[in-house]
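**Student:** Once you've had a glance at the structure underneath, I'll fire off some questions.
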Amino acid sequence: MRSHSVQGHTEKVWDGFVRFFHWTLVVSFAASYWTSQSGMQNTHIVLGYLISVLVVARIVWGFTGTPYARFSNFVYSPGAVLGYLKAIATGHPQHYLGHNPAGGAMVVMLLVGLVVATVAGFIVLMVIEFEAPLPGLMIHMTDAQAYLWREVHETTIDVMLVMIAFHLLGVLLASIQHRENLVRAMITGIKQKPK
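So the number in this note's numbering is just where the residue sits in the sequence shown, counting from 1, plus 99.
Next up, the structure:
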């Protein structure tokens with residue numbers, strides 16, 4: 100079900116889980132980044148576990164959840180994403196009730212980034228810190244390999260910070276172009292239907 104052919108005033112779009120996931124992830128990611136910079140390693144690790152659980156739950160919800168939460172509702176072809184970005188540049192993008200093609204692409208990229216960052220983080224935890232999330236998961240590798248995984252973890256987070264900046268810019272731009280408060284919509288779950 101695509102989200103662009105609806106008439107009326109408002110509709111409940113974002114279910115409780117999507118909103119809980121979004122805002123819990125925002126706080127957890129920010130706190131995880133801050134604790135990594137502040138030397139609060141144990142808190143950083145706990146937040147990494149929390150983020151991992153959130154991401155796995157969101158991926159499952161992307162296949163089993165409510166209509167607007169499903170990947171089938173907001174994963175578009177690369178051509179559709181590029182076409183939407185061109186429409187943004189002209190100032191006349193189509194209004195979508197759920198995620199627009201650019202927003203859907205950003206969701207997927209952020210989820211992939213979170214998977215890469217958490218997997219790399221767990222590998223660093225096991226190999227460099229000698230702590231395993233589950234008994235028996237210890238893996239062995241050379242120091243060079245271990246530090247490569249640390250670099251993957253840190254670089255992925257740096258790339259994600261840039262993606263988050265683009266996400267925030269996209270939310271601001273879409274809010275202005277469509278005259279709707281997308282932040283409020285992610286709090287209440289209610290969005291304006293396209294006219």
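Glycine residues also receive a C-beta, built at the ideal position from the N, C-alpha and C atoms.
#1: For Leu268, count neighbouring Cβ atoms within 10 angstroms of its own Cβ and tell me buried if that reaches 16, exposed if not.
#2: Roughly how many angstroms lie between the CA atoms of Leu140 and Asp257, to the nearest whole one?
#3: Can you round the beta-carbon distance between His266 and Met205 to whole angstroms, since I take them to be within the 8 Å contact cut?
#4: Which residue wins for smallest C-alpha separation from Phe62, given the options Gly203, His198, Tyr246 and Gly202?
#5: By a C-beta neighbour count over all protein chains shown, 10 Å radius and 16 as the cutoff for buried, is Pro200 buried or exposed?
#6: Which ranges does the alpha helix (DSSP H) cover as unbroken runs of at least 4 residues, wholly within the segment 168-246, from first to last along the chain?
#7: Curious, which full-length alpha helix (DSSP H) runs of at least 4 residues does the segment 113-147 contain?
#8: Beta-carbon of Tyr183 versus every beta-carbon of chain D: anything under 8 Å?
#9: Could you round the C-beta distance between Gly197 and Val174 to whole angstroms and report it? I think they count as a contact, below 8 Å.
#10: Use the C-beta contact count for Arg157: other C-beta atoms within 10 angstroms, 16 or more gives buried, fewer gives exposed.
#11: In this structure, how does DSSP classify Thr109 when only helix, strand and coil are distinguished?
#12: Only counting the same chain, and skipping five residues up and downstream in sequence, which positions put a Cβ closer than 7 Å to that of Thr255?
#13: Grab me the residues of Thr123's own chain with a C-beta within less than 7 Å of its C-beta, minus the 5 sequence neighbours each way, in chain order.
#14: Can you check which of these residues, Ile286, Pro293 and Lys292, is closest to Trp113 by C-alpha distance?
**Tutor:** Taking the structure as given:
#1: exposed
#2: It is Gln, not Leu, that sits at residue 140 in the sequence shown. The straight-line gap from Cα to Cα measures roughly 18 Å.
#3: 5 Å
#4: Residue 62 is absent from the model: the chain starts at 100 and stops at 294.
#5: buried
#6: 170-173, 177-189 and 200-226
#7: 115-136
#8: Absence of chain D from the displayed structure is noted, only one protein chain being present.
#9: Incorrect: roughly 11 Å between the Cβ atoms, too far for contact.
#10: buried
#11: strand
#12: Gly212, Val215, Ala216 and Ala219
#13: Leu153
#14: Ile286
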